[in-house]
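For any residue, its number in our numbering is found by taking its place in the sequence shown, counting from 1, and adding 1.
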Amino acid sequence: GEKVRFLKKFGLKAGDKGMEFFYIGTNYKMSDILGAIGLVQLRKIEKIIEERRAKAEYYTTLIKKSDLEEYIAPPQELPEARHTFQTYACYVKIEGARDKLRQFLAEHNVETQIGTFALHLQPAFKNTKKADDCKNSRLLYENLIALPLHHLLTKEQQEFIIDLIKKFFKK
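See below:
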């Protein structure tokens with residue numbers, strides 16, 4: 002409620018001496034220019050999503066065709082959902098291999114990211130109560146890899162990336 006309103010305004014609120022910083026906050030307000038860009042993007046959102054879905058489907062096809070499924074699991078799409086593939090995150094099934102794979106790909110000029118964070122392991126959440134040891138969250142944090150997926154990505158680049166992953170696992 003009230004605290005959130007002030008956090009979006011750098012933590013400022015009226016005090017005894019006029020406007021004062023009562024909280025550590027930032028400026029969460031969107032500029033008119035960013036709003037205009039966002040509106041234009043929204044008009045193209047279905048096309049953007051379909052292009053991402055097509056690139057994701059091609060990655061999955063390449064992974065299966067390369068017999069890599071014993072090493073890396075592509076993302077799954079549930080029948081009752083439509084995945085937008087904001088990230089193409091694969092689960093590396095070989096314990097401890099994700100970071101080595103990321104390094105190998107980087108040596109070949111392929112930039113990847115970790116697939117997700119385990120928030121319970123982050124300093125900001127160290128005092129947050131947990132229901133259990135969050136084993137699955139830790140497993141995903143340690144084993145997911147996000148492969149490149151952007152509007153300029155070509156099929157040839159995707160083939161190159163999957164060929165590198167095949168070389169890494171089948172050396």
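Just so you know, even glycine gets a beta-carbon here, dropped at the ideal spot from N, CA and C. This one's a predicted model, so the numbers in the text were calculated from it and none came from an experiment.
Query raised in the report: What's the gap between the Cα of lysine 131 and the Cα of histidine 121?
Result: 8 Å
**Report entry** alanine 15 to glutamine 87 span [Cα, whole Å]
**Finding:** C-alpha of alanine 15 to C-alpha of glutamine 87: approximately 40 Å in a straight line.
Report task. Report yes if the CB atom of threonine 117 is closer than 9 Å to the CB atom of leucine 148, and no otherwise. Result -> no
Query raised in the report: Among Arg139, Arg83 and Thr62, which residue has its Cα nearest to the Cα of proline 75?
Result: Nearest option by C-alpha distance: Thr62.
Report task. Return helix, strand or coil for isoleucine 25, following the three-state DSSP convention. Result -> coil
Report task. Would you mind listing the alpha helix (DSSP H) stretches within the region 122 to 159 that are 4+ residues and don't spill past its ends, in chain order? Result -> 136 to 144
Report task. Enumerate in chain order the residues of its own chain whose CB-to-CB distance from isoleucine 25 is below 7 Å, with the five nearest sequence positions on each side excluded. Result -> Gly12
Report task. Please list, in chain order, all residues of the same chain as arginine 139 whose beta carbon is under 6 Å from its beta carbon, the five residues on each side excluded. Result -> Ala119
Query raised in the report: Out of Gln123, Phe7 and Ile163, which has the shortest C-alpha to C-alpha gap to lysine 30?
Result: Looking at the Cα atoms, Phe7 is the closest of the given residues.
Requested in this report: Closer than 7 Å by C-beta to leucine 154: which residues in its own chain qualify, once you throw out the five before and the five after it? Chain order, please.
Outcome: Lys56
Query raised in the report: In whole angstroms, what separates the C-alpha of valine 111 from that of aspartate 68?
Result: 21 Å
Query raised in the report: Are there 16 or more other CB atoms within 10 angstroms of the CB of valine 93, so buried, or fewer, so exposed?
Result: With 16 or more Cβ atoms within 10 Å of its Cβ, valine 93 is classed as buried.
**Report entry** glycine 39 in three-state terms, based on DSSP
**Finding:** In the three-state reduction of the DSSP assignment, glycine 39 falls in the helix class.
Query raised in the report: Looking only at C-alpha atoms, which of Ser32, Glu143 and Leu35 sits nearest to alanine 90?
Result: Glu143
Query raised in the report: To which residues does DSSP link isoleucine 115 through a beta bridge?
Result: Ile146
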